[in-house]
Amino acid sequence: MDGFTYTGLPARVIFGSGTTGQLPAEAERLGLTRALVLTTPPQAAQGEALTALLADKAAGLFAEATMHTPVDVTQAALRFYHDTGADSVVSIGGGSTIGLGKAIALQTDCPQIVLPTSYAGSEMTPIIGQTEAGRKTTQRTPKVLPETVIYDVDHTLSLPALMTVTSGMNAIAHAVEALYAEEANPVLSLMAEDGVAKMGAALAAIRDAPEDVGVRSDALYGAWLCAICLGSGGVALHHKLCHVLGGSFDLPHAETHTIVLPHALAYNAPAVPDAMSALRRATGSQSPAAALYDLAMTGGAPMALKNLGMPEDGIDRAIEITLENPYFNPRPLEAGALRNLLQNAWSGQRPAA
Ligand code: NAD
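Residue numbers are given in the working numbering: position 196 of the sequence shown equals residue 223, and the series is strictly consecutive.
Here is the structure:
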């Protein structure tokens, strides 16, 4: 076996159905006395339920979390955090809510308990992205890694069908790139392969049984494995392209991941034979890029960047920005081949089998 480096991240994880009931005990365990509950406006009722559950350990509810963690929302939340005498945060929601909790932890070093309700995976990463004056900047710091993550599958039963697919594909993208990132190692590869297999099979099954707790549990378990891949591993061309497209053309996060992933994987396939073997096993297909495209399309996801509002003449600009400050990638970045990749993603063409 070749040498490798593996970075395990310290987080306590509780997984199952009905695990939200363990929140007060977990707060006690961390020594929290006043937790500020965070969520988005549409999930305010879930936030209120947690406030009630925490009883005298709740400092209040801030239900204004917003996509891409704008700093003005963080400042308002921080004022509320200090005004209420909070000593910690409890975040319930997707990546946007978790991002707000991380932004508060970055400023205050407070402990975080997170209850994820989507498959995006931010809860297992020391990564925070924040937006100011239309620019999103990202940093990695252990300060923002949540102390405890309570995965309660019951919160994912309400995830709308479209978001289930796009959020699931977002998770799969983390695992796919961990297989061939610079930080790839055999331990993460085990998790990545199983993460893709579990999430892929679950997404297909959820179409017929969206509220089946067993199938949703497999999806959430897969999402957790994929999230570890993002937190402990690395990323490559796919994530670079999604960051460029999201930042420069204001494209939605999970949908952009869904569209780009099959094309970025097809681009890298010739350079990563071991990763492709793992993905053939995980997808049960000889053509993993085409299989991922089919999985998303059958689930009703948008398959073309043009349908997200990206202008065709933006393709060259996106390539320029990608090449200005590229991430590591196993296959060298060539402008012509990148143009084909983005053109195919823009028009929604299925990658060749
Ligand atoms: P989101 O958190 O923005 O959620 C989208 C909408 O769905 C919100 O209104 C949310 O309240 C709602 N929602 C979430 N779960 C629901 C449920 N179970 N039922 C009904 N509605 C639900 O979307 P997301 O894709 O989870 O997160 C995207 C954001 O997270 C982006 O800003 C992205 O950059 C960030 N992110 C960060 C990391 C990281 O490591 N820092 C990782 C992944 C994603």
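No residue lacks a Cβ here, since even glycine has one placed at the ideal position from N, Cα and C.
Quick caveat, the model's predicted, so the values are computed rather than measured.
Between which residues of its own chain and residue i is the CB-CB distance below 7 Å, once the five residues before and five after are set aside?
i, result
"K170", "A132, L133, D136"
"G148", "A198, H201, A250, C253, A254, L257"
"N212", "F31, T32, Y33"
"Q166", "I155"
"G327", "A188, L189, V192"
"E150", "I125, V141, P143, P173, V176, A254"
"P315", "L292, M303, L306, R307"
Measuring only the C-alpha atoms, how far is residue i from residue j?
i, j, result
"P378", "G48", "45 Å"
"A317", "R106", "48 Å"
"A160", "D99", "10 Å"
"P329", "A323", "8 Å"
"A92", "P279", "16 Å"
"D239", "G363", "45 Å"
"A82", "A76", "10 Å"
"A79", "I346", "49 Å"
"D245", "T32", "28 Å"
"T101", "K84", "22 Å"
"R358", "A298", "6 Å"
"I177", "T152", "15 Å"
"V203", "D221", "11 Å"
"A372", "I286", "6 Å"
"A104", "K129", "12 Å"
"Y354", "T164", "15 Å"
"L59", "I140", "10 Å"
"G87", "Q370", "48 Å"
"H270", "L365", "15 Å"
"S216", "S259", "11 Å"
"M226", "A380", "21 Å"
"L319", "H95", "26 Å"
"D181", "F42", "11 Å"
"T168", "L36", "11 Å"
"A113", "S145", "26 Å"
"A72", "L65", "11 Å"
"G74", "G122", "15 Å"
"M68", "T111", "Strictly speaking, residue 68 in this sequence is Pro, with Met absent from that position. Rounded to the nearest angstrom, the two C-alpha atoms are 20 Å apart."
"R344", "E361", "15 Å"
Bridge partners for residue i per DSSP, in chain order?
i, result
"V176", "V40, V141"
"Q166", "I155"
"S118", "L65, V141"
"L88", "V64"
"P378", "Paired residue(s): none; P378 is not in a bridge."
"P97", "T158"
Report all residues from its chain with a CB closer than 6 Å to the CB of residue i; omit the five preceding and five following residues, and keep chain order.
i, result
"R39", "T175"
"S115", "L59, A62, C137, P138"
"E210", "G260, G261"
When the distance is taken between beta carbons, is residue j closer than 9 Å to residue i?
i, j, result
"K333", "G375", "yes"
"L63", "Y108", "yes"
"S194", "A281", "yes"
"P97", "G120", "no"
"D179", "S44", "yes"
"A208", "G261", "yes"
"V117", "A54", "yes"
"L206", "L306", "yes"
"T283", "L335", "yes"
"T124", "Q70", "yes"
"A232", "V223", "no"
"L272", "M190", "no"
"L57", "F89", "no"
With a CB to CB cut of under 8 Å and the five nearest residues on each side skipped, what residues in its chain are close to residue i?
i, result
"N356", "A263, L264, K267, N295"
"L50", "L77, L80, L81, V117, I140, L142, I177"
"L390", "Outside the shown range of the chain, which is 28 to 380, sits residue 390, and nothing can be said about it."
"A229", "G195, V242, R243, D245, A246, G249"
Hey, is residue i's beta-carbon within less than 9 Å of any beta-carbon in chain D?
i, result
"D301", "Looking at the structure shown, chain D is missing, and only one protein chain is on hand."
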